[in-house]
Structures are given as C-alpha cells and as structure tokens.
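Inspection log for the structure reproduced underneath, given as structure tokens.
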Amino acid sequence: MRAYSIGLFPMAESADDPEIFWVEPELRGIIPLDTFHVSKSLAKKIRQNPFHIRFDTDFEAVIAACAEETSNRPSTWINDTIRSLYATLHHLGHAHSVEAWDGDRLVGGLYGVSLGSAFFGESMFSRRTDASKICLVYLVQRLRERGFTLLDTQFTTEHLKTFGAIDVPKDAYSTMLEKAMESPNLSFSDGGNLPEMN
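Residue numbers for the sequence shown follow the working numbering, beginning at 9 and rising by one.
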C-alpha cells in the first residue's frame, strides 16, 4: 500500500513471468469524477437492468477473469504473484471488485484498490456486451457517494476516453494523490448493496 500512496503500481511482463516490477508513468490516466460521461445509449441500457451488479462478492473470480487471454486480449500482465497479492489486499479490505452477473454467471467486472480517498482501477473484463462499462458506471456512482476524490486508471485508452478519461502529468498527479492520501480510508463495500442510480 505504501507503493500506491506514492504513485507506484505493480505489473508483470506476462502471466508466465513470476516477477513483478513497479511502474510510475510520466503521464497518468485518471477519470475526473465530476466530469464522468455516460453515453445516451449506455444510459438507456443501464435503465433496462440487463445485469445484477454486485460489489465484493467474488473478487477472486473477477481477477481470474481479468487474467484470461482472449481474442481481444492475447496476453496479460496479471501473473500468479499479482493475483495472490490482490487476494491478500482484498481480505485486508483494500482491494475491491464490481461484478456484473446474469443469473449465476459472472459476465463482467473490474477490480481495484482503495486507499484514502483514491481508487486505483487495475483491470476489467467483459463476457457480455457492455458488462464492464456498466460496472464502471456503478463504480463511479459509488465513489461519488462515498466521497472519493481520485479515480486512477493508470493509463488512458480510447475506451476509457469515451467516459472522460484524461492524461495528467506526473507532477499534477502527485498533487492529486497527496490530497487523496490526507483523507482517512473511505468505506467502499457494504455487503454488495447497490448504490441508487441517478
């Protein structure tokens, strides 16, 4: 957790490489919580309630799914060391999952780490169209409700930019992070209950 508090996060070269290394990008991806954008089509789909959204009910299944190689993701940086590390953080109350369920099938999700008033998004996956996007919307809603000030996405992607993700220079990010670390650890999970969607 010390590494997160000073702007570092772990990665691995591949799923087969047991070693991890620490990353501190010159440009950091964030999603400003006050300008988070949801497209009209996605908002319409959310209103149709296509999935049951849960928090922290099967964290290890989420990280396992994020580690799977797929046609859209032929390689992954999530190795066994990282999976074990985040499972431990989850048991300590610092790592959390947002999950999309269709009946008893986990069809999408994301996971990350909370510290102070910051949430550090790590990875997401979808087995059904828009499942991870909907999880992200519920994540942001919860972060807003609980008073979080920083959603760190590590890097930006074209996918995340549609939600308002931006790159910020390392110095500016450090200032945001320091402010978030001044906060006590905010509560993220409360038994899987859903936030009310506006």
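Backbone N, C-alpha and C define an ideal beta-carbon position, used for all residues, glycine too.
It should be emphasised that the depicted structure is a prediction, and the values quoted were computed from it without experimental measurement.
Can you list, in chain order, the residues of its chain whose CB lies under 8 angstroms from that of serine 92, leaving out five sequence neighbours each side?
none
Roughly how many angstroms lie between the CA atoms of alanine 69 and valine 106, to the nearest whole one?
Their backbone Cα atoms lie some 11 angstroms apart in a straight line.
Quick one: what's valine 31 bridged to in DSSP?
In the DSSP output, where bridge partners are listed per residue, valine 31 has Phe17.
Is it buried or exposed, isoleucine 14, if we count other Cβ atoms within 10 angstroms and call 16 or more buried?
It counts as exposed.
What does methionine 132 pair with, by DSSP beta-bridge criteria?
Paired residue(s): Leu118.
Which word fits methionine 9, buried or exposed, when buried means at least 16 other C-beta atoms lie within 10 angstroms of its C-beta?
Exposed is the call here.
Buried or exposed for threonine 96, please, with buried defined as at least 16 other CB atoms from any protein chain shown within 10 angstroms of its CB.
With fewer than 16 Cβ atoms within 10 Å of its Cβ, threonine 96 is classed as exposed.
Where in the segment 129-181 do unbroken runs of the beta strand (DSSP E), each at least 3 residues long, occur, reported from the N-terminal end onward?
158-162 and 174-177
Cβ-based neighbour list, leucine 151, same chain, cut-off 7 angstroms, excluding 5 preceding and 5 following
Leu41, Phe127 and Leu159
If you draw a straight line from the C-alpha of proline 18 to the C-alpha of tyrosine 12, how long is it?
Proline 18 and tyrosine 12: Cα-Cα distance of roughly 9 angstroms.
Is it right to say glutamine 149 is buried, meaning 16 or more other beta carbons lie within 10 angstroms of its own, or is it exposed?
buried
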